[in-house]
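In my numbering, the protein residues as written are 749 to 986. Worksheet for the structure shown next.
Here it is, written out as structure tokens:
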């Protein structure tokens, strides 16, 4: 049996700034296509290295067109992977209106957009439903816009007070999700073969959104809040 080999590691506990050969800071007020309330900035008040982790901080502060700021980083056009085991050690924020996510998008081909490009949600959480973690796949024929995406959610205690390792295992036949090696969901390619954009490279995204269609009304009194990430590891087989 082939074994997992470490092909990428980002140990944020040993860093004081982002490695820009790996990451791009996504800046703007596009709202993620979900009417989100934040302006993503590259500011040191939104991207912080503190307490042994990378902190993506969402804040109540007016900036340009928005009343809130936050942060989003991506490996797009720098590092992408086709298949593998992804381990992200993270602690998520709490409070209504927070919407942290650890996810991937597929490498876009000409004329391709969302959801044709494919989306893998390794961890998604909304603050109005504390401790409920969501895992999902989105494609052209199966996505949240039409409410038929492959998805699972469950309660996991203490996600905002302790670090958990959120895991994606992805190969030619299936995609599986775990939290601290506890199995959550497996989606088989054969069950979604008519719409499976998961046989091409994807890039990784870490972000903290505020408000929006799913994040909901924001409780300003809970801000600032942080998505804390200690490390990112990617393994692939021989």
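A virtual CB, placed ideally from N, CA and C, is assigned to each residue, including glycine.
Expected contact under 8 Å - CB spacing of residue i and residue j to nearest Å
| i | j | result |
| --- | --- | --- |
| residue 785 | residue 958 | 5 Å |
| residue 823 | residue 770 | 6 Å |
| residue 953 | residue 927 | With a Cβ gap of about 18 Å, residue 953 and residue 927 do not count as contacting. |
| residue 884 | residue 869 | 4 Å |
| residue 795 | residue 775 | Incorrect: roughly 11 Å between the Cβ atoms, too far for contact. |
Contacts around residue i, its chain only, beta-carbon distance under 6 Å, and the 5 residues preceding and following it disregarded
| i | result |
| --- | --- |
| residue 847 | 874, 957 and 963 |
| residue 980 | 758 and 836 |
| residue 880 | 901 and 903 |
| residue 919 | 831 |
| residue 970 | 843 |
Same chain only: Cβ atoms within 7 Å of residue i, ignoring 5 sequence neighbours per side
| i | result |
| --- | --- |
| residue 840 | 848, 873, 907, 908 and 975 |
| residue 972 | 805, 806 and 807 |
| residue 830 | 948 and 949 |
| residue 863 | 886, 887, 888 and 891 |
Buried or exposed by the 16-neighbour rule on C-beta atoms within 10 Å, applied to residue i
| i | result |
| --- | --- |
| residue 930 | exposed |
| residue 810 | exposed |
| residue 912 | buried |
| residue 925 | buried |
| residue 799 | exposed |
| residue 793 | exposed |
| residue 895 | exposed |
| residue 938 | exposed |
| residue 871 | buried |
| residue 941 | exposed |
| residue 762 | exposed |
| residue 820 | buried |
| residue 753 | exposed |
| residue 852 | buried |
| residue 916 | buried |
| residue 936 | exposed |
| residue 857 | exposed |
| residue 802 | buried |
Contact under 8 Å by Cβ, residue i with residue j
| i | j | result |
| --- | --- | --- |
| residue 932 | residue 902 | yes |
| residue 977 | residue 760 | yes |
| residue 951 | residue 860 | no |
| residue 866 | residue 984 | no |
| residue 966 | residue 844 | yes |
Bounding residues of the beta strand (DSSP E) (the contiguous stretch that carries residue i)
| i | result |
| --- | --- |
| residue 752 | 752–759 |
| residue 963 | Element bounds for residue 963: not the beta strand (DSSP E) but the alpha helix (DSSP H), 960–963. |
| residue 980 | 973–985 |
| residue 871 | 867–872 |
| residue 885 | 880–886 |
| residue 898 | 898–903 |
| residue 890 | Note, residue 890: premise wrong, no beta strand (DSSP E); not H, not E. |
Chain-order list of residues whose beta-carbon lies under 8 Å from that of residue i (same chain, five-residue window excluded)
| i | result |
| --- | --- |
| residue 813 | 777 and 787 |
| residue 782 | 957, 960, 961, 962 and 963 |
| residue 751 | 985 and 986 |
| residue 998 | Residue 998 lies beyond the stretch modelled for the chain, which goes from 749 to 986, so this question has no answer here. |
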